[in-house]
Amino acid sequence: MTRTAAVALWVLAALVVALFDSDPVARAVVLAGAWALLARRQVTGRRLRTLAVGLGVLALFTTTLNGLLSHTGATVIGVLPSWLPLVGGPVTAEAFANGGSIALGLIAAISVTAVLSVVIEPTDLVDALPGPLHHAGAALGAALNLVPATAASFVAVRDAQRLRGWRPRGARALVDLAVPVLLGAIDRSVQLAESMEARAFGAGPRTRLAGGERSARLTALALAALLVLVVAVVAYALGETGSWYAYPLPTVPSLAPAVLVPAVVIALAGALLPSEPA
Amino acid sequence: MTRAQAILGTGATTLAFEKLTYTYPAWSDMPAPALVDVDLRMQPGLTLVDGDSGSGKSTLLRLCNGLVPHFHGGSLRGRAVVCGLDVLTTPTRRLARHVGFVFQEPELGFVRGTVAREVAFFPENLGLQRESIRRRVHDALDQVGIGGLASRRLATLSGGERQRVALAGALAAGPAVLAMDEPLSQLDGRGATALTATLSALAAGGTTVVIAEHRLGHLIGARRVTLAEGRVTSDRSSASGSERPSAPRGAPDDAPHAAPRTDQPSSRPPRAPGGAGQNGWSLSRVTVGAGGRPLLEGVDLAGGAGEVVVVTGANGSGKTTLLRTIAGLAEPLAGHVERRPGRIAYLPQEPGVLLHRHSVRAEVDQTLRWSQLSGSAQEVLDLLGLGDIADRDPRDLSGGQRQRAALAVVLAGRPALALLDEPTRGMDAAARVSLAEVLRHLAEAGTAVVAATHDVALARELHGRVVRIEDGVLVADEPGAGPALRAAMARQASRSGP
């Protein structure tokens, strides 16, 4: 099992657990597992902080939105005037609890997906496509690399234009920024194509330096993820997932093994991922 | 005998161009032929291609691997054979099996996200075994002096480090022909010297190395082909078989030898630090970091209005971060930054960021309009020798011309503060002299100038104060041609000694 495939399998299994199961405890365990992995990898503190802040804002927004829009629940904590569109009516603690659960699922899913982009390069994911799709995958991977390059170009152009006297006022000002970024992206695409051509891309069968390494830990990681995936899907099909309800009164989160074990296993399995070879 | 063999003839000729004339496509705004009646044969060894900006050097190099004409289009007359393959009938990707290529702005062509993956891309495309790729990547990174950066993300590297990655990427393929377009333009003295030695060794080992580079004023043992307006105007081979020291970038081509003068002070008296005026800019105990890594640590530095400060240091030492901090583009984690009021001219390492309009003149006019200045674009265009190409599309210019165009864009209208990051990248000696003159005039008019550069010759011509940064720490701050500059020159000379 290759590194790329093992990580992809782990992410898939963790996503299934986080989204199929409405139990907040299971979602929290997956979230913790994803963050343990993010913190262990070579992620800069700033990126982690940015991600954490973004997820915090998302969680707050989701919880608040559900709390204000859903008027169901037994514990009324206030009443908004009925003439207010959508939000007018009783505000309940259960609506906020349900919003919190939804938010937990969302940020767990996003954190798990973030692991994918941190642990393996997006280019490796498409580059790992099997035989006949290999060249297409490598080309797509190279194209994906243009995304962060264009983002960096946006910052560089904005900084350069600002020092030349450009001010972000009105639609015309945005054009002054957008056109250079677009032209830069086109130039970069042309140069990328030229660079790939000059390095024999497409000349024959390719091989790969990375993404193909195999180890017992990777195999264990993949097997654990596969096992969790199968158990989670079967449990979902049989209706054995932890069903947590907020209304009319929040139920107690299930601590049944069928709910907790897959979440704990997938969270702990992340520790099996070996360091990337230099 | 095949047609290609007939052209190559007998012996070890790897490249042969016969009566070759090439014109870019009509839409490219370059009606005149880029190469005219070029007759050249090259054997294993070092060949240095020189000439002014826009003379056809990059086009000639692109002919070596068929990017011209296959990728760029246009019309080609004559014959070109590389490693026994007819360039006209062989696609670039096949020629690439024999020809490694390094672009003038290699960072624009990066395919991967990390250093080792990027270097591995070429050998991967050749279908080499994983172990072989791993070994080649390791060796190539060591050859260019960045073995410790294998797992770093490309986005976190300095310009010079990225250039080394591109060089390693070409070396890792082990090509028979290595064509390099300004490969030293962003390298520090140590990197340039190491690369020169590597290339000499490759040439001695049977590789045909073709380099277009202004920085290598002289290479004993190298054949030197000079281009002017697309024609080969001189083709000289050195009598000696040994390598001579590489000159600092921009050393006059007719200098008696490449080693910089280390024993003579500048002909002009150096300005005293801060002596030309007060309150240009200042950094007080400034610390800047990114990704948990300190880029500048506790820097105390100031420059007066009308003073020229030259910032030197190895690749990745923090020069760009220093400029960005002075400009207000990088937020300090600690410390205080002050700037005098007025417009800031900032030249980034990638000139393309500044060049998007249909002509160089329009781009300069835009700066004047945005800054609400009443000056004329023509003045700065003439000062930088851009009068003849002012109405051309910047994207159709050579690397050196684009660099000058970008300088004109930022320097228009006499800024209060000019921050220039590697301003002589891709420039020929004459353009460098003009630039030094422009910067001195700006300083005399009160502009505080800060230039980060590896170009020792530029540093000497600016007659400015020289500061040196190592690993984000200020280690020297002296008047022009002081011990730091002389030491830098001496180091450069000794490292590239015979």
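Protein chains in written order, with this note's numbering: chain U, 1 to 278; chain W, 1001 to 1498.
Yeah, the Cβ is synthetic: ideal placement off N, Cα and C, and Gly gets one too.
L226 (chain U) has a beta carbon lying at 8 Å or more from every beta carbon in chain W. By the C-beta criterion, the stretch 241 to 251 of chain U is judged not to be in contact with the stretch 192 to 209 of chain U, since fewer than 3 inter-stretch pairs fall below 8 Å.
Residues of the stretch 1363 to 1388 of chain W with a Cβ closer than 9 Å to any Cβ of chain U, in chain order: Q1366, T1367, L1368, R1369, W1370, S1371, Q1372 and L1373. DSSP, reduced to helix, strand and coil, places V1450 (chain W) within a strand of the structure shown. If you draw a straight line from the Cα of A152 (chain U) to the Cα of A52 (chain U), it is about 21 Å long. Nearest neighbour of T1233 (chain W) by Cα position, chosen from W:V1036, W:T1196 and W:A1476, turns out to be W:V1036. From the beta-carbon of V1049 (chain W), no residue of chain U is found nearer than 7 Å; the closest lies around 17 Å away. Distance from the CA of T1208 (chain W) to the CA of T1014 (chain W), rounded to the nearest whole angstrom, comes to 7 Å.
For M1042 (chain W), the pairing in a beta bridge is given by DSSP as W:L1015.
Chain W places no beta carbon closer than 8 Å to that of P257 (chain U), leaving this residue out of the contacts. Exclusion of the five residues before and after S1058 (chain W) leaves Q1104, D1181, A1212, S1398 and G1399 as the residues of its chain whose Cβ lies within less than 8 Å of its Cβ.
For L209 (chain U), at least one C-beta of chain W is nearer than 8 Å to its own C-beta. Between L15 (chain U) and V112 (chain U), the gap from beta carbon to beta carbon is short of 8 Å.
Its Cα nearest to that of V1299 (chain W), the residue W:V1288 stands out among W:A1012, W:V1288 and W:Y1024.
The straight-line gap separating the alpha-carbon atoms of R1361 (chain W) and A1430 (chain W) is approximately 21 Å. The beta carbons of A103 (chain U) and A59 (chain U) sit closer together than 8 Å.
Counting every other CB atom within 10 Å of its CB across the protein chains shown gives S117 (chain U) a total below 16, marking it as exposed. For Q1163 (chain W), no Cβ of chain U is located within less than 8 Å of the residue's own Cβ. At the C-beta level, A1168 (chain W) and L1187 (chain W) stay beyond 8 Å of one another. Here L1355 (chain W) is not near S1200 (chain W), since their CB atoms are 8 Å or more apart. Note on geometry: alpha-carbon atoms of S1376 (chain W) and D1365 (chain W) lie some 8 Å from one another. The continuous alpha helix (DSSP H) containing Y236 (chain U) extends over residues A216 to A237. Along the stretch 1305 to 1320 of chain W, there is no position whose C-beta sits under 8 Å from a C-beta of chain U. DSSP, read as helix, strand or coil, puts H1441 (chain W) in helix. Under the Cβ distance rule, S195 (chain U) counts among the residues neighbouring chain W, one pair being separated by less than 8 Å. When the alpha-carbon of G1100 (chain W) is set against those of W:V1081, W:R1062 and W:T1089, the nearest one is in W:R1062. For I1344 (chain W), the chain U residues whose Cβ falls inside 7 Å of its Cβ are L163, in order along the chain.
Bridge pairing for A1194 (chain W): absent [DSSP].
Taking L65 (chain U) as the centre and dropping the five residues before and after it, the same chain places the C-beta of G99 closer than 7 Å to its C-beta, in chain order.
Here the C-alpha atom of L1381 (chain W) lies approximately 27 Å from the C-alpha atom of R172 (chain U). Of the candidates W:H1454, W:V1337, W:E1379 and W:G1221, the residue whose Cα lies closest to the Cα of V1438 (chain W) is W:E1379. From the beta-carbon of L192 (chain U), the residues of chain W found nearer than 9 Å are L1108, G1109, F1110 and V1111. Residues L104 and A108 of the same chain have their beta carbon placed closer than 8 Å to that of A28 (chain U), with the five preceding and five following residues left out of the count. Here the alpha carbons of Q1372 (chain W) and M1042 (chain W) stand approximately 54 Å from one another. Residue environment analysis places E1331 (chain W) among the exposed positions, since fewer than 16 neighbouring C-beta atoms fall within 10 angstroms of its C-beta.
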